[in-house]
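Following: one structure in structure tokens, then a few remarks.
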Amino acid sequence: MTVGNKNGLLLPNSTTDTELQHIRNSLPRINMDIDILDLIDDEEDDNQEEMTAQKVLQTVEQAWLNEKFSPEILPHQTDYIDCLLEQIKGMEGNLAKLSKTDPKVDLHKLELERIKFVITSYLRTRLKKIECFCVSVLEEEANRPEGGAYLSPAELRFAKQFAQNADNHFDTILRHMPQLFNKLEKNKKIIEPNLNSFVFLKCNKHIDSVIIKNTLEGQEEEIVLEDGSQHLMPYSSIAEFVKKGAVQLI
Numbered sequence: 001m002t003v004g005n006k007n008g009l010l011l012p013n014s015t016t017d018t019e020l021q022h023i024r025n026s027l028p029r030i031n032m033d034i035d036i037l038d039l040i041d042d043e044e045d046d047n048q049e050e051m052t053a054q055k056v057l058q059t060v061e062q063a064w065l066n067e068k069f070s071p072e073i074l075p076h077q078t079d080y081i082d083c084l085l086e087q088i089k090g091m092e093g094n095l096a097k098l099s100k101t102d103p104k105v106d107l108h109k110l111e112l113e114r115i116k117f118v119i120t121s122y123l124r125t126r127l128k129k130i131e132c133f134c135v136s137v138l139e140e141e142a143n144r145p146e147g148g149a150y151l152s153p154a155e156l157r158f159a160k161q162f163a164q165n166a167d168n169h170f171d172t173i174l175r176h177m178p179q180l181f182n183k184l185e186k187n188k189k190i191i192e193p194n195l196n197s198f199v200f201l202k203c204n205k206h207i208d209s210v211i212i213k214n215t216l217e218g219q220e221e222e223i224v225l226e227d228g229s230q231h232l233m234p235y236s237s238i239a240e241f242v243k244k245g246a247v248q249l250i
């Protein structure tokens with residue numbers, strides 16, 4: 001049996017010991033035997049794409065770490081976030097049905113809180129980037145092809161409203177300043193992320209060619225990244241590999 005959600009993702013109602021160990025390894029560690037996925041309700045929809053609970057959790061955690069350590073905003077993972085949130089609601093409902101004397105209840109709740117922390121931190125990190133780089137984010141989003149949006153619909157609405165509020169605030173300040181300052185251009189100096197900042201990364205697979213640019217000397221160097229190897233290099237050199245999942249920021 002599987003559990004589906006509106007985004008076309010399915011989660012199983014049970015999991016093997018191997019899958020459960022992967023889930024625990026992908027979340028903040030807890031040294032107790034907690035079968036949290038036993039709390040998922042039973043439903044089935046054969047028309048939806050099957051997705052294991054292990055894969056959903058791993059994808060969300062990887063998106064969280066990448067977003068946390070990358071200088072720019074990355075493509076949103078709303079489908080996975082929404083899927084996980086729906087399952088959390090179901091698990092919380094099932095927890096309420098368990099006996100309060102069950103010693104595992106508090107451990108189940110703790111594991112759920114750990115998952116919520118990852119989701120909350122991921123969303124807050126994205127909102128901080130939108131607020132800091134609002135103008136550049138909106139400009140880049142407007143130039144992306146259909147279906148290639150980095151912002152979710154909710155994030156796009158927030159970014160536009162934030163930009164409008166910032167403009168209104170700027171105009172209000174200018175009205176109370178000398179006439180000379182009215183000539184200031186609001187978007188003359190746009191804050192942009194530093195794509196040349198250095199990041200730590202781990203390779204998820206072998207990469208034949210990565211170009212490292214030396215901006216001081218105007219030279220380029222081509223290197224090979226081995227599967228499982230870890231490196232420190234400019235984000236701009238591996239940005240596309242991060243978005244494709246070939247490397248993981250750490």
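In UniProt numbering, the protein residues as written are 1 to 250.
Every residue gets a Cβ at the ideal spot worked out from N, C-alpha and C, and that includes glycine.
Note down, in chain order, each residue of its chain lying with its Cβ closer than 8 Å to the Cβ of E140, except the 5 sequence neighbours on either side. As a first step, residue 140 must be located in the sequence shown, where it is residue number 140. So the list reads Y150, once near-sequence residues are dropped.
Please classify D45: is it buried, with 16 or more other beta-carbons within 10 angstroms of its beta-carbon, or exposed? Reading the sequence shown from its first residue, position 45 is the one you call residue 45. With a pLDDT of 47 at D45, under the threshold of 50, the modelled position of that residue is not reliable, and the figure given next carries that caveat. Flag for D45 reads exposed.
For I211 versus F241, is the C-beta spacing smaller than 9 Å? In the sequence shown, counting from the first residue as 1, residue 211 sits at position 211. In the sequence shown, counting from the first residue as 1, residue 241 sits at position 241. No, the pair does not count as a contact, with Cβ atoms beyond the cut-off.
Is the distance from the Cβ of I71 to the Cβ of N194 below 9 Å? Taking the first residue of the sequence shown as position 1, residue 71 is located at position 71. Taking the first residue of the sequence shown as position 1, residue 194 is located at position 194. Looking at the sequence provided, one finds Pro at residue 71 rather than Ile. Result yes, Cβ atoms of P71 and N194 sit closer than 9 Å.
By a C-beta neighbour count over all protein chains shown, 10 Å radius and 16 as the cutoff for buried, is H76 buried or exposed? Indexing the sequence shown from 1 puts residue 76 at position 76. With 16 or more other Cβ atoms within 10 Å, it is buried.
Looking only at C-alpha atoms, which of K243, E111, K109 and L156 sits nearest to K129? Position 129 of the sequence shown, counted from the start, is the residue given in the question as residue 129. Minimum Cα distance to K129 is reached at L156.
Just how far apart, CA to CA, sit V199 and E67? For this step, residue 199 is matched to residue 199 along the sequence shown. For this step, residue 67 is matched to residue 67 along the sequence shown. In a straight line, the C-alpha of V199 is about 12 Å away from that of E67.
Terminal residues of the beta strand (DSSP E) in which K202 lies: Taking the sequence shown and counting its residues from 1, one reaches residue 202 at position 202. First-last of the beta strand (DSSP E) with K202: F198 to C203.
Per DSSP, which residues does K68 bridge with? Please list them. For the purposes of this step, residue 68 is identified with residue 68 of the sequence shown, where counting begins at 1. Note: K68 sits in no beta bridge, so no partner.
When P234, R126 and E217 are compared against I223, the one with the closest alpha-carbon: The sequence position of residue 223 within the sequence shown is 223, counting from 1. Among P234, R126 and E217, the Cα nearest to that of I223 is on P234.
C-beta contact flag for F162 and C134 at 9 Å: Locating residue 162 in the sequence shown gives position 162, counting from the first residue. Locating residue 134 in the sequence shown gives position 134, counting from the first residue. Contact flag set, yes.
Decide if H169 is buried, meaning its Cβ has at least 16 other Cβ atoms within 10 Å, or exposed. Here residue 169 refers to the residue found at position 169 of the sequence shown. Counting Cβ neighbours within 10 Å, H169 comes out exposed, since fewer than 16 surround it.
Could you have a look at Q161 and say whether DSSP puts it in helix, strand or coil? Translated into the one-based positions of the sequence shown, residue 161 becomes position 161. Three-state DSSP puts Q161 in a helix.
DSSP three-state label for Q248, please. Position 248 of the sequence shown, counted from the start, is the residue given in the question as residue 248. Three-state result, Q248: strand.
What's the C-alpha gap between H22 and E61? If you number the sequence shown from 1, residue 22 lands on position 22. If you number the sequence shown from 1, residue 61 lands on position 61. Because H22 sits at a pLDDT of 48, beneath the cut-off of 50, its placement in the model cannot be relied upon, and the following sentence gives the value as read from the coordinates. Straight through space, the alpha carbons of E61 and H22 are spaced by roughly 12 Å.
Could you tell me which uninterrupted alpha helix (DSSP H) segments, each at least 4 residues in length, are contained entirely in the stretch 62-147, listed from first to last along the chain? 78-97, 105-132 and 134-142
So, helix, strand or coil for L27, using DSSP? Counting from 1 along the sequence shown, the entry for residue 27 is found at position 27. Below a pLDDT of 50, predicted positions are generally treated as unreliable, and L27, at 43, falls in that range; no measurement from the model is reported.
Near K109, which residues of its chain fall below 7 Å by C-beta distance, leaving aside the five closest residues on each side in sequence? Residue numbering aside, residue 109 sits at position 109 when the sequence shown is read from its first letter. L95, listed in sequence order.
Please go through the same chain and pick out, in chain order, the residues whose beta-carbon is closer than 8 Å to the beta-carbon of D227, but skip the five residues on each side of it. As a first step, residue 227 is located in the sequence shown; it is residue number 227 there, counting from the start. So the list reads C203, N204, K205 and H206, once near-sequence residues are dropped.
Do the CB positions of Y122 and A63 come within less than 9 Å of each other? Reading the sequence shown from its first residue, position 122 is the one you call residue 122. Reading the sequence shown from its first residue, position 63 is the one you call residue 63. Contact: yes.
In this structure, what does DSSP give as the bridge partners for P153? Numbered from 1 along the sequence shown, position 153 holds the residue referred to as residue 153. Partner(s): none; P153 has no beta bridge.
Which term fits R175, buried or exposed, when burial requires 16 or more other beta carbons within 10 angstroms of its beta carbon? Position 175 of the sequence shown, counting from 1, holds the residue named residue 175. Exposed.
Using 10 angstroms around the beta-carbon of T120, count the other beta-carbons present and answer buried if the total reaches 16, otherwise exposed. For the purposes of this step, residue 120 is taken as residue 120 along the sequence shown, with counting starting at 1. Looking at its Cβ environment, which holds fewer than 16 other Cβ atoms inside 10 Å, T120 is exposed.
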